[in-house]
Structures are given as C-alpha cells and as structure tokens.
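Everything in the sequence shown is counted per this note's numbering, starting at 114 for the first residue and increasing by one. Backbone N, C-alpha and C define an ideal beta-carbon position, used for all residues, glycine too. Quantities reported herein were computed from a predicted structural model and do not represent experimental measurements. All remarks here apply to the structure that follows.
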Amino acid sequence: MQDRILIIEDDAETAAAVAEVVAELGCEAHHRATLDDGIAEAGAGDYRVIVLDRMLPGGDGVEAMARIRTTGSRALILVLSALGRAAERVEGLEKGADDYLPKPFEPSELRARLRALLRRGTMQVLDNDLLAFGDLEIRMKARTVHVKRSHVPVSPKEFELITYFARNAGQIVTRMQLLENVWNLHFDPGTNVVDVHVGRLRRKLEEAGSPAIQTARGEGYIFAPLGAAG
C-alpha cells in the first residue's frame, strides 16, 4: 500500500508541483485547497505527511496545526510557505511543524525533505510501541508519557523531544543535535527555543516524580531516568 501525503495548498500550480514530487517518491498525493477542507481530510484519511501552506483561504496554516492534531491525525507536517524569514520559520517549528521549507522551492530539496520525514515516521512506529525507563513510560502510537502510571501532559514538540532523548539515553545530547533532529534546523537561530522547551519538559517530569533530564554543563543534556549516564 502506498504512503499517502496530503497537500493543503490554494495555489493550483504549486499543488501540482508538490504532487509531482510526491508521485516521484512513490506516494499517493491528495489535494485540498482550503484550510477547513484540509483539516477535515487530515482527520478522515491515514496520512504519513501533510504539506501545509500558511496563507490559505480560511486562515494561517501554522495557527491551525493544533486543530489538525485534534482530528487525531498523527501525520508529520511540512510547512511550505512564502513566509520564509528565520523568525517565521522558527515560529512555525515552535508551534509544532516537523519541517519548514520556504517558497520558492527546488523540487529536489522538497523531495529530500519529504523522504527524511517519511523515514522519521517509520522510525517512530516501534513494534513494541513502548519505551520504558523504570517508572517512566513513553507510548509511541498514543504519543503519551506516564510517570508512575500518572499521565504527564506534553505538547507535540515536547513529545518529539522526550522521544529523541529516550533514543539517546545515557549519552550527552547537544543543543545543535536537538535543533537538527527535533526542530529540523541546520543552523542556530540565535534563540533559546531549545532551552525553553527542555526546561518545560524537565519541570513536568520532575513534578511527576522523574528527574530524568540532567544538564551536562557546557555540553548539553543527558537523559538518564535510571542513572544511565553513570
């Protein structure tokens, strides 16, 4: 069965160009031209990736990502937008986008970005579904975190963050690694976006009784809920 990719884009020419790249990847493209239609389709179909424009009939795609998540969609989201300044890209990524590609784009770059997202999506679906570290449990399919069987509410970005930490448990993880692997930023935007998100996630885990994230002074962070760093 082909992987399905949803394109939410009001410009027919851009949508056709994206659909061509999707077809080259051996995936099935579905197109919706308005935000409301796109959100409805995201919830109705089993999509691996959503390519989302920002300036759409019905509103800003970035502002609507939370609505897409409430439909139950677990698709990874690539924002494709003419709003391509660094601050606008950071805003999109902070609000939950998995990647952000400015327009105009090169088809080869879009193809590489989509291929990377499809690869990431495959990695996240574990046969076992469960990453467990003592009292700390991460359920991949439900995208939930529990400590001592109590639910810890995390945002989509915080869930990606804890998943990346968990897969690198006991190792020093640098801010640049987090920017590249969680935010898909291959440059330092000069903001404290990593520190803010890590701090928020660390507080939530500590309040639930799991001091899992430790600071490696001057180097980064270590995820060691069971003393894995020692």
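For this session: Run the CB neighbour count on residue 330, radius 10 Å, all protein chains shown included, and call it buried at 16 or more, exposed below.
Result: exposed
Problem set entry | Endpoints, the beta strand (DSSP E) within which residue 319 is located | Residue 319 -> not in any beta strand (DSSP E); alpha helix (DSSP H) instead, spanning 306 to 321.
Problem set entry | Distance, residue 206 Cα to residue 148 Cα | 19 Å
Exercise. Going by the CB atoms, is the gap between residue 261 and residue 248 shorter than 7 Å?
Worked result: yes
Exercise. Between the C-alpha atoms of residue 281 and residue 155, what's the straight-line distance to the nearest angstrom?
Worked result: Looking at the two C-alpha atoms, the distance is approximately 31 Å.
For this session: Just the C-alpha distance for residue 271 and residue 312, rounded to the nearest angstrom, thanks.
Result: 10 Å
For this session: Indicate whether residue 192 and residue 227 have their beta-carbon atoms separated by less than 7 Å.
Result: no
Problem set entry | residue 151 classed as buried or exposed, judged by whether at least 16 other C-beta atoms fall within 10 angstroms | Buried is the call here.
Exercise. Whose C-alpha, out of 300, 268 and 318, is nearest the C-alpha of residue 183?
Worked result: 268
Problem set entry | Unbroken beta strand (DSSP E) run spanning residue 333, endpoints | 333 to 336
Problem set entry | residue 324 versus residue 138 - alpha carbon distance | 42 Å
For this session: Could you work out which residue in 188, 168, 169 and 213 is closest to residue 160 when comparing CA atoms only?
Result: 188
Exercise. Who are the near neighbours of residue 219 in its chain, counting only those whose CB is closer than 7 Å to its CB and skipping five residues on each side?
Worked result: none
Exercise. Run through DSSP, which three-state label would residue 162 get?
Worked result: strand
For this session: Note down, in chain order, each residue of its chain lying with its Cβ closer than 8 Å to the Cβ of residue 170, except the 5 sequence neighbours on either side.
Result: 123, 146, 147 and 148
Exercise. Residue 329 lies in the beta strand (DSSP E); which residues open and close that run?
Worked result: Counting along the chain, the beta strand (DSSP E) containing residue 329 begins and ends at 326 to 329.
Exercise. Mapping DSSP to helix, strand and coil, what is residue 142?
Worked result: strand
For this session: Using three-state DSSP, classify residue 257 as helix, strand or coil.
Result: strand
Exercise. Exposed or buried, residue 309, counting other C-beta atoms within 10 Å across all chains shown (16 or more means buried)?
Worked result: With fewer than 16 Cβ atoms within 10 Å of its Cβ, residue 309 is classed as exposed.
Exercise. Buried or exposed: residue 212, going by 16 or more other Cβ atoms within 10 Å of its Cβ?
Worked result: buried
Problem set entry | When 195, 129, 288 and 176 are compared against residue 215, the one with the closest alpha-carbon | 195
For this session: Return yes when the Cβ of residue 274 is within less than 7 Å of the Cβ of residue 71, no when it is not.
Result: Because the chain spans 114 through 343 in this model, residue 71 falls outside it and cannot be assessed.
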